[in-house]
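The UniProt record's numbering puts the first residue of the sequence shown at 1, with every later residue one more than the last.
Note that beta-carbon positions come from the ideal geometry of N, C-alpha and C, so glycine has one too.
This report refers to the structure that appears directly beneath it.
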Amino acid sequence: MGNPRCYLDISIAGEVEGRMVVELYKDVVPKTAENFRALCTGEKGIGLHYKGVCFHRIIKGFMMQGGDISAGDGTGGESIYGLKFEDENFKLKHERKGMLSMANTGPDTNGSQFFITFTQITHLDGKHVVFGKVIKGLGVLRATELVATEEGDYPAQDVLIVDCGEIPEGEDDGTSNFFKDGDAYPDWPADLDTKPDKLSWWIESIEFIKFFGNELYKNNDYKMALRKYRKALRYLNCCWDKADIDEEKSKILRKTKSQIYTNSSACKLKLGDLKGALLDIDYAISDGEENVKAYFRQGQAHMALNHIDAAAESYKKALELEPNDGAIKKELAAARKKTRGGEKGVCENVSIGLQVAVLYGMVNTLLFWFVINDFELDLLSMF
1 MGNPRCYLDI
11 SIAGEVEGRM
21 VVELYKDVVP
31 KTAENFRALC
41 TGEKGIGLHY
51 KGVCFHRIIK
61 GFMMQGGDIS
71 AGDGTGGESI
81 YGLKFEDENF
91 KLKHERKGML
101 SMANTGPDTN
111 GSQFFITFTQ
121 ITHLDGKHVV
131 FGKVIKGLGV
141 LRATELVATE
151 EGDYPAQDVL
161 IVDCGEIPEG
171 EDDGTSNFFK
181 DGDAYPDWPA
191 DLDTKPDKLS
201 WWIESIEFIK
211 FFGNELYKNN
221 DYKMALRKYR
231 KALRYLNCCW
241 DKADIDEEKS
251 KILRKTKSQI
261 YTNSSACKLK
271 LGDLKGALLD
281 IDYAISDGEE
291 NVKAYFRQGQ
301 AHMALNHIDA
311 AAESYKKALE
321 LEPNDGAIKK
331 ELAAARKKTR
341 GGEKGVCENV
351 SIGLQVAVLY
361 GMVNTLLFWF
371 VINDFELDLL
381 SMF
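Following this line, the structure appears as structure tokens:
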């Protein structure tokens, strides 16, 4: 019988990010591994469960810490053996990203709190008991590392274990079709059980994932559609080192990449991330394809940001590629009208300003004439 596997389903800011699958080194640290396994299943009773518990500390380039099942802020915790238990041994090292290790306040003070490394951390060897490693879901781990933090390294957005448990030996780990939507590909290519060498397999997977994104967009589920487009890009990035790639296939991939970034920008426009949309459009255009939709989305983003001149330029470029497109003509006309309206307002302001200046000059000239001719003036009577 092999080492046990457990899963941690992670959410960030209320949105489920994905699943991390961990292997527990029961063969090296059985007592520590059993503590974590039982806290994942919740089988030891009320309160002894990681479900719903947050990661209260995140330090980029170092680690994230969680598992405080009592206080939730790093001041509490309890093991299945009592409040604390001893250090089992220090045979395993913090040798890579994704190692699971016990948090403590000194020797023999292990409870429920643990941390997951973002990199190799050799200075913790011999001080904290390593008991497992992330075997799938390193992409999820990376997403948590990028969460912004506040004072005390507390994440600015909630990072929670929304579900957890043990994966029975021989059963599927649930990383494929994680969202139960029919998309059978894992969110991260690194989590594939086998990674095919044939480029055709990867191109097929990209089109399949992109299709899911398009359907979600049509159904106004822009957040999930954006997630699918990001996923498709991750699979596309695995294609460039395949042995059977050639210039023709590279061209197809670049065109597909441009389309995905364009679709991603459309999602961001709907979600109000205008600067993010412009960034995606830049990526879409940079591959050199004449992408009408990219210029059109660029125009929409600039209009929303009130960059009217830039919007008009984007629509003009789109119209050059599709001279008979009614939607582009309509948006370009609206941008030009808004530009003319702005110019009219400026001209009116300038005209009023000139009139005031002329009047002011006439009054000053008149006063000067009275002064040099020794006229006594009652200024108040003039107005």
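* **alpha helix (DSSP H) segment containing Gly299, residue limits** => Looking at the DSSP string, the run of the alpha helix (DSSP H) that includes Gly299 is Val292 to Ala304.
* Asked: For Glu17, does the count of other Cβ atoms within 10 angstroms reach 16, so buried, or fall short, so exposed?
  -> Glu17 comes out buried.
* **Cβ neighbours of Ala13 in the same chain (closer than 6 Å, five flanking residues each side left out)** => So the qualifying residues of the chain are Gln157.
* To do: State the start and end residues of the unbroken alpha helix (DSSP H) segment that holds Ile206.
  => For Ile206, the uninterrupted alpha helix (DSSP H) segment begins and ends at Leu199 to Lys218.
* Quick one: grab the DSSP three-state call for Leu160. => Three-state DSSP puts Leu160 in a strand.
* Buried versus exposed, by CB contacts within 10 Å (16 or more), Glu171 -> Counting other Cβ atoms within 10 Å of its Cβ, Glu171 stays below 16 and is therefore classed as exposed.
* Reduced DSSP secondary structure (H/G/I, E/B, other) of Glu313 -> Here DSSP, grouped into helix, strand and coil, assigns Glu313 to helix.
* **Selection from His49, Leu92 and Leu124 that minimises the alpha carbon distance to Val28** => Of the listed residues, the one whose Cα sits closest to Val28 is Leu92.
* Closer than 6 Å by C-beta to Ala38: which residues in its own chain qualify, once you throw out the five before and the five after it? Chain order, please. => Same-chain partners within the cutoff: Lys44 and Ile80.
* Out of curiosity, what's the CA-to-CA distance linking Gly276 and Ser265? -> Distance between the alpha carbons of Gly276 and Ser265 is about 7 Å.
* **Close-in-space but distant-in-sequence residues of the same chain around Ala318 (CB under 6 Å, 5 per side omitted)** => Contacts found: Val292, Tyr295, Phe296 and Ile328.
* Would Lys198 count as contacting chain B if we go by Cβ distances under 8 Å? -> No chain B is part of this structure, which consists of one protein chain only.
* Proximity to Leu100 [Cα-Cα], best of Asn237, Asp246, Gly67 and Asp108 -> The shortest C-alpha separation from Leu100 is found at Gly67.
* To do: Return the CA-CA distance between Ser70 and Tyr185, expressed in angstroms with no decimal places.
  => Here the C-alpha atom of Ser70 lies approximately 37 Å from the C-alpha atom of Tyr185.
* Label Gly132 either buried or exposed according to how many other C-beta atoms from any shown protein chain fall within 10 Å of its C-beta, with 16 as the threshold for buried. => In the assembly as shown, Gly132 is a buried residue. Its beta-carbon has 16 or more other beta-carbons within 10 Å.
* To do: Return the residue from the list Gly152, Ile161, Asp125 and Tyr154 that minimises the CA-CA distance to Val140.
  => The candidate whose alpha carbon is nearest that of Val140 is Ile161.
* Does the Cβ of Trp188 have 16 or more other Cβ atoms within 10 Å, making it buried, or fewer, making it exposed? -> Trp188 comes out buried.
* Helix, strand or coil: which one does DSSP assign to Met99? -> Looking at Met99 - three-state DSSP - the assignment turns out to be strand.
* Buried/exposed call for Trp240, threshold 16 Cβ in 10 Å -> Residue burial is scored here from C-beta neighbours: Trp240 has fewer than 16 other C-beta atoms within 10 angstroms and is therefore classed as exposed.
* Asked: What is the DSSP secondary structure of Ser11, reduced to helix, strand or coil?
  -> It is a strand residue.
* Could you tell me the distance, in whole angstroms, from the CA atom of Ile308 to the CA atom of Glu320? => The alpha-carbon atoms of Ile308 and Glu320 are separated by roughly 18 Å.
* For Pro107, I'd like the list of residues in its chain whose CB is within less than 7 Å of its CB, leaving aside the five on either flank, ordered along the chain. => Taken in chain order, the residues that qualify are Asp87.
* **CB of Arg96 within 8 Å of CB of Gln65, strictly** => Cβ atoms of Arg96 and Gln65: not closer than 8 Å.
* Asked: Among Lys270, Ala301, Asp273 and Asn263, which has the Cα closest to the Cα of Ala284?
  -> Nearest C-alpha to Ala284: Asn263.
* To do: Pick helix, strand or coil for Thr144, following the three-state DSSP scheme.
  => Thr144 falls in the helix class under three-state DSSP.
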